[in-house]
Amino acid sequence: MDTSFVTRLRSSPAQASQSAFERFFREEYPVVVRIAFGVIGEAQGAQDVAQDVFISAFQRFPDPGESEHARAWVRVAAAHTALNAIRGERRRDRRQQLSGAGVPPVGPEEAVLDSESRAEVRRALRRLPRRAATVLVLRHNGLSYAEVAEAMNVKVGHVGTMLRRAESALRKELQYASRF
Amino acid sequence: MPHVSSSVLRRLVDEPLAVPDRDRRHLAGCDHCQTESAEAARDAARAARLLGASDQVSDTDLEWILLQDRLEAPGAARRPAVRVPRRLMNVSVGAGTAAAVGVLAVGVAAAAALTTVYAPTHVAPVTLSGSDLRAIENMTHIGTAQLSGELPPSGSRQLAFGDLSWSTAGRTQQVSSIARASAMTGLAFTAPATLPSGVGAPDNIMIQPQVTITMQFGQGAGPGIGGSTLEITLGPAMAVQYGGQSGGSRLTTLAVAAARRPVATSTGASASQLESFLLSRSGLPSGLAQAIRLLGNPAAVLPVPVPPGMWVVRTHIGGAPAVLVTASTAFASGVVWEGSDGVVHAVGGLLDREDVLNVARQVG
Numbered sequence: 001m002d003t004s005f006v007t008r009l010r011s012s013p014a015q016a017s018q019s020a021f022e023r024f025f026r027e028e029y030p031v032v033v034r035i036a037f038g039v040i041g042e043a044q045g046a047q048d049v050a051q052d053v054f055i056s057a058f059q060r061f062p063d064p065g066e067s068e069h070a071r072a073w074v075r076v077a078a079a080h081t082a083l084n085a086i087r088g089e090r091r092r093d094r095r096q097q098l099s100g101a102g103v104p105p106v107g108p109e110e111a112v113l114d115s116e117s118r119a120e121v122r123r124a125l126r127r128l129p130r131r132a133a134t135v136l137v138l139r140h141n142g143l144s145y146a147e148v149a150e151a152m153n154v155k156v157g158h159v160g161t162m163l164r165r166a167e168s169a170l171r172k173e174l175q176y177a178s179r180f
Numbered sequence: 181m182p183h184v185s186s187s188v189l190r191r192l193v194d195e196p197l198a199v200p201d202r203d204r205r206h207l208a209g210c211d212h213c214q215t216e217s218a219e220a221a222r223d224a225a226r227a228a229r230l231l232g233a234s235d236q237v238s239d240t241d242l243e244w245i246l247l248q249d250r251l252e253a254p255g256a257a258r259r260p261a262v263r264v265p266r267r268l269m270n271v272s273v274g275a276g277t278a279a280a281v282g283v284l285a286v287g288v289a290a291a292a293a294l295t296t297v298y299a300p301t302h303v304a305p306v307t308l309s310g311s312d313l314r315a316i317e318n319m320t321h322i323g324t325a326q327l328s329g330e331l332p333p334s335g336s337r338q339l340a341f342g343d344l345s346w347s348t349a350g351r352t353q354q355v356s357s358i359a360r361a362s363a364m365t366g367l368a369f370t371a372p373a374t375l376p377s378g379v380g381a382p383d384n385i386m387i388q389p390q391v392t393i394t395m396q397f398g399q400g401a402g403p404g405i406g407g408s409t410l411e412i413t414l415g416p417a418m419a420v421q422y423g424g425q426s427g428g429s430r431l432t433t434l435a436v437a438a439a440r441r442p443v444a445t446s447t448g449a450s451a452s453q454l455e456s457f458l459l460s461r462s463g464l465p466s467g468l469a470q471a472i473r474l475l476g477n478p479a480a481v482l483p484v485p486v487p488p489g490m491w492v493v494r495t496h497i498g499g500a501p502a503v504l505v506t507a508s509t510a511f512a513s514g515v516v517w518e519g520s521d522g523v524v525h526a527v528g529g530l531l532d533r534e535d536v537l538n539v540a541r542q543v544g
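Pasting the structure below:
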């Protein structure tokens, strides 16, 4: 008989929290996937990161409406998980370099982007301090100063300083990379 | 007066009205701060250009379905958790307040107003006779000829149990390349590397933007259904048609198609209530009603309509259940399956079943 997750959600005592989680997902998913895309620069990878973030969020905040922190948590988790993903990419790049393997073919969505710029940005983000990279991707993917402050647990007045330093550091990293 | 702080110079880029007048006055007369301000603006613009994701396309409905699939999968609870370093964020979980409980109550009420009632994960065949098709036409007032391409981009029909309306995000159109179709639909498309004998190059690539169908049930439609709204989204979809090898013929020998799985949401009615409603319609042939009942879980099965007289075989493509249909003359075959990514694939042509399956295995 019907044992799908969807149906079990509606028939179980946890129905209310599951419905609340779907609502939370629908509100936050576009923000989370945009943050991940800002780091990874590729749709499929960003969607994978967003899925991992919400799997963990469900385990951590089954009733996201009861937590004051669920929204901030998924946003920082998106930045952090995406930054971890490009750290793994560095290992893959090195592996390919050592094995002499070519660059894997890109999908059509990636092909329309400037893949060279994306790769340079990912390398620069990998070298930046984690807090600097996080404030950059949060702010430049639609979060206001107040939302960045909430997500990173800092005062609003401190966001401008963090952002200025991070953007300056990003420029220096890109200038450094362009010399090679 | 000391120079304007870097924090204020940065905020000037995003929120100039939030900068105090005394800082503005200093900036107007200070070359050093003007230089710093210009550099802050350039750095901010560069970061926005490089890190912004304005071209990101995401389908929240599909991703919600995929998330449910993953949560449902055995071992989901043991997956490595995403962690946020404490130095980045120091939060305590479970600090619920009376206000938060109030928000939750409102949230539950809102969520209950819109629930996903149909999210198919696999395909299954349903044989449709000519009289079944006529019965569906009578119930929906939409003929099969209209469904095959003559339906206007938007419109509505008044049915016995409510109002049916539909709209599309754009017309069906021919595009220049598979990459273009893939980019426009957001569908990852793998073209078969090895084609069956007699099949030529792609000669027609089509896309169909997403279609949204809304059924507004009348108050008297039945328990749980009356007054509710059912919204179904179909697509986007793309299809690649291949010509013959001889070159002179425009005959399509092979077609490969992909589409996002259909998703339905309802403002109140559950999947089982909707199924009961559908099966109790007086115009629905009893044989078709029985076939729908035999599909099992109404929320998880995508029925593949099969004309009478075709041979149907259940098989697998890439581990996913598939429906293989062959004409009794064996001059034409087709296979339909749903991948784990929530994309429904179809391969068909004037080919025998082995050729169709060979192509399908390359695509899936």
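For the record, the sequence lines run as chains G and B.
Take the first sequence: its position 110, counting from 1, is numbered 110 in our numbering, and each next residue is one higher.
Every position in the second sequence, counted from 1, becomes a number in our numbering once 180 is added.
Don't be surprised by glycine CBs; every beta carbon is placed ideally from N, CA and C.
Remember, predicted model here, so these are calculated numbers, not experimental data.
Return the CA-CA distance between residue i and residue j, expressed in angstroms with no decimal places.
i	j	result
B:L530	B:V516	15 Å
G:L136	B:D223	11 Å
B:S520	B:A368	13 Å
B:G313	B:P305	According to the sequence displayed, residue 313 of chain B carries Leu and not Gly. For B:L313 and B:P305, the distance between alpha carbons rounds to 15 Å.
B:E455	B:L247	24 Å
B:C210	G:E147	32 Å
G:R60	G:A70	9 Å
B:M269	B:A480	Residue confidence for B:M269 is low, a pLDDT of 43 falling below 50, so the modelled location carries little weight; the figure read from the coordinates is stated next. If you take the alpha carbons of B:M269 and B:A480, they lie about 39 Å apart.
B:Y422	B:G498	23 Å
G:G107	B:N538	Annotation note: pLDDT 39 at G:G107 (below 50); position unreliable, coordinate value reported separately. Each residue's Cα considered, the two are about 23 Å apart.
G:A149	B:Q470	58 Å
B:T392	B:P333	10 Å
B:A451	B:F457	10 Å
B:R258	B:S408	For B:R258, the pLDDT reaches just 49, beneath the cut-off of 50, and the residue's location in the model is therefore unreliable, although a value from the coordinates is still provided. So the alpha carbons of these two residues sit roughly 38 Å apart.
G:V121	G:R23	33 Å
G:R87	B:A225	25 Å
B:P196	B:L339	56 Å
B:S466	B:L474	12 Å
Taking the CB atoms as reference points, tell me whether residue i and residue j lie closer together than 8 Å.
i	j	result
B:A227	G:E167	yes
B:V523	B:A540	no
G:G38	G:H158	no
G:A85	G:I40	yes
B:G448	B:G404	yes
B:L468	B:E518	no
G:S144	B:L230	no
B:L410	B:M395	yes
G:L138	G:I35	yes
G:V74	G:A46	no
B:S186	G:R130	no
B:T307	B:V486	yes
G:M195	G:V53	The requested residue 195 of chain G does not occur in the structure, where chain G is confined to residues 1 to 180.
B:S357	B:M418	no
G:P62	G:F21	yes
B:A500	B:G544	yes
Please list the partners that residue i has in chain C, where partner means a Cβ-to-Cβ separation under 7 Å.
i	result
B:L230	Among the protein chains in the structure shown, which are G and B, there is no chain C.
Considering only residues of the same chain and omitting the five flanking positions on each side of residue i, which have a CB-CB separation below 7 Å?
i	result
B:G400	G406
B:H496	A502
G:E28	R71 and V74
B:L207	V184, C213, Q214 and S217
Between residue i and the rest of its own chain, which residues show a CB-CB distance below 6 Å, the 5 nearest in sequence each way excluded?
i	result
G:R127	E173
G:V154	none
G:A132	A166 and A169
B:V503	V303, P305, V484 and V516
B:V189	A small correction: the amino acid at residue 189 of chain B is Leu; Val does not occupy that position in the sequence shown. The answer, listed in chain order, is E216, S217 and A220.
G:M162	V135
B:D203	V184 and V188
B:T545	With chain B covering 181 to 544 only, the question about residue 545 of chain B has no answer from this structure.
B:S345	S336 and T394
B:V493	L504
B:G402	F457
Hey, quick one: how far does the alpha helix (DSSP H) through residue i stretch, first residue to last?
i	result
G:A57	A43 to R60
B:T370	Unbroken run through B:T370: none, as it is neither H nor E.
B:H496	No alpha helix (DSSP H) holds B:H496; the beta strand (DSSP E) holding it covers W491 to I497.
G:A149	Y145 to M152
G:T134	R130 to R139
B:R533	R533 to V543
Only counting the same chain, and skipping five residues up and downstream in sequence, which positions put a Cβ closer than 8 Å to that of residue i?
i	result
B:V443	D241, L242, I245, T296, Y298, A299, I412 and T413
B:Q353	M386 and I387
B:Q542	T370, P372, A373 and T374
B:A285	Confidence is the limiting factor: at B:A285 the pLDDT is only 29, short of 50, which leaves the residue's position unreliable, though a coordinate-based value still follows. For B:A285, where only same-chain residues beyond five positions count, there are no Cβ hits under 8 Å.
Let's see if you can read the secondary structure: which residues bound the beta strand (DSSP E) around residue i?
i	result
B:S462	First-last for B:S462: undefined, no H or E at that position.
So does the segment 403-419 of chain B actually touch the segment 439-451 of chain B, counting three or more Cβ pairs closer than 8 Å?
yes
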